[in-house]
Ligand code: TUI
C-alpha cells in the first residue's frame, strides 16, 4: 500500500500515531513503528532532556523510523526542537501552534516536517514554509481541537495545497481510513485506538473508561476560553461545564485541569482527571496489540477500497 506519505516516511502502512501527551512514550512509539506504521514520541510539556531519554529508549526497541511530536504551547518547545536535531530524528510533527520559527533548523537537518493544522490558512502557510506534508486534524480528535470536522477540513486542505494530506480525527477503524482516503488523504493519524493498545503504558482505568465509553460520553471543555479540549465525560468535566456556564475566568477553571491528564493516565483517576479521547471512543471494545490494530484496520480499508 504505497502513497506519497509511505514513500516519504519509509513505512509499510499509511498510518501515523498521534503524539498524545503522557501516552505517546517510547514503548508505544516503538510498537507502532515495529508494526509498520510511524510511531511518535509526544514531547507534550516535557523538558528537552526527558524527551532525549525517551528517544534513546525507543531506539533500543526498534530500528525502524519513528518521529517526535513537538507541542508548541509547551514552555520547553524550543529545547525539544533542538533535541530532535541533536538526536538525529527523521520526522517531526507539531501541534497546538505554528512551527514556522523552527522550520529552517529542521529542514537544514534533513528532518521531514509535518505540522498538524486545523485550518486551510495554516496548511497553506506550512506548505510555503517547506513542510513535507500536513496532518489535517478535525475536531472529532481528542485533546486540543480546532473548529472544523475531519469531513469538512480534509477536502478543503487537499484542494488548497500540493503536499500530501494526512487525515486525523474520528478515524477508528478501516471504514474511517477508507473514508479519509476518499476525502483526499494519503495517510491517517490514529490516536485513541492506540491508547487502548497492549503496548501503551496507560493506567488500566483509563483504557477501561475508553472501552466503556458510549458515543455521547465525548465532551468538549474550555470553549469559552479559546482552549477547547475533547475528552470523556466525568465528575471533573461536569464541574468544569457548570463553572464555565457561570462565567468563571480561565484562571478559576485552570485549577481543575492542572496536572489532571497525568492524574488520569498514570494514577488512573478517571473521575477527577482529564480523560482525553476522540469521538471514536465508543467504537473501541477491546485492548489489542498495535500490530493487531494496524493489520485489522488495513485489512478492512483494503477490502473497501479494492487495494491489493
Ligand atoms: O495539539 C493537538 N492536540 C493536543 S495538544 C495537547 S497538550 C495540551 N494540554 C493542555 C492544553 C493545551 C494542550 C492535547 N492535545 N492537536 C493538534 C492541533 N493543533 N489541533 C489544533 C491545532 C492548532 C490550533 C491552532 C494548530 C495551530 C493553531 O494555530 C496556529 C496559529 O498560530 O495559527
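Residue numbers (my numbering): 425 to 732.
Beta carbons: idealized from backbone N, C-alpha and C, even for Gly.
Being a predicted model, the structure only gives us computed values, none of them experimental.
Cβ-based neighbour list, residue 657, same chain, cut-off 6 Å, excluding 5 preceding and 5 following | In the same chain as residue 657, and ignoring 5 residues on each side of it, the C-beta atoms closer than 6 Å to its own belong to 641, 643, in chain order.
Among 509, 516, 467, 555, nearest to residue 500 - alpha-carbon criterion = Closest in alpha carbon position to residue 500, among 509, 516, 467, 555, is 467.
Looking at C-alpha atoms only, which residue of 631, 597, 674, 548 is the closest neighbour of residue 379?
-> Missing from the structure shown is residue 379; the chain here goes from 425 to 732 and no further.
Alpha-carbon spacing of residue 452 relative to residue 495, whole angstroms = Cα atoms of residue 452 and residue 495: separation of roughly 18 Å, rounded to the nearest angstrom.
Residues in its own chain within less than 6 Å of residue 652 by CB, not counting five upstream and five downstream?
-> 569, 644, 646
Based on Cα-Cα distance, which residue from 593, 723, 728 lies nearest to residue 440?
-> 593
With distances taken between CB atoms, is the gap from residue 677 to residue 660 smaller than 8 Å?
-> The answer is no: Cβ separation not under 8 Å.
Kindly give me the distance between the Cβ atoms of residue 588 and residue 610, rounded to whole angstroms, as I take these residues to be in contact under 8 Å.
-> 4 Å
Return the residue from the list 489, 480, 533, 485 that minimises the CA-CA distance to residue 505.
-> 533
Euclidean distance between Cα positions of residue 725 and residue 600 = 8 Å
Sorted by chain position, which residues of the same chain lie with C-beta nearer than 8 Å to residue 425's C-beta, five sequence neighbours on each side aside?
-> Within the same chain, residue 425 has close Cβ partners 436, 437, 438, 722, 726, 731.
Would you mind reading off the limits of the alpha helix (DSSP H) that contains residue 517?
-> Unbroken run through residue 517 is the beta strand (DSSP E), 515 to 519; no alpha helix (DSSP H).
Output the distance between the C-alpha atoms of residue 547 and residue 671, rounded to the nearest integer angstrom.
-> 33 Å
Rounded straight-line distance, which links the Cα of residue 586 to that of residue 551 | 8 Å
Would DSSP call residue 497 helix, strand or coil?
-> The DSSP-derived three-state label of residue 497 is coil.
When every heavy atom of the ligand TUI is checked, does at least one fall within less than 7 Å of the C-beta of residue 569?
-> yes
Closer than 7 Å: residue 462 CB and nearest the ligand TUI heavy atom | Not so, every heavy atom of the ligand TUI lies at least 7 Å from the Cβ.
For residue 700, three-class secondary structure by DSSP | strand
In angstroms with no decimal places, state the Cα-to-Cα distance between residue 455 and residue 669.
-> 42 Å
Apart from the five residues just before and just after residue 617, which ones in its own chain have a Cβ nearer than 7 Å to its Cβ?
-> 596, 708, 717
With 16 as the cutoff for other CB atoms within 10 Å, does residue 638 come out buried or exposed?
-> exposed
Is any heavy atom in the ligand TUI found nearer than 7 Å to the beta carbon of residue 651?
-> yes
Is the Cβ-Cβ distance between residue 566 and residue 460 less than 8 Å?
-> no
Is residue 577 near the ligand TUI, with its Cβ less than 7 Å from a heavy atom?
-> no
Would residue 605 be called buried (16 or more neighbouring beta carbons within 10 Å of its own) or exposed?
-> Flag for residue 605 reads buried.
Is any heavy atom in the ligand TUI found nearer than 7 Å to the beta carbon of residue 522?
-> yes
With 16 other CB atoms within 10 Å as the buried threshold, where does residue 625 fall?
-> exposed
Provide the residue(s) that pair with residue 590 in DSSP beta bridges, ordered along the chain.
-> 559, 611
Between the Cα of residue 662 and those of 686, 689, 694, spot the shortest distance and give me the residue it belongs to.
-> 694
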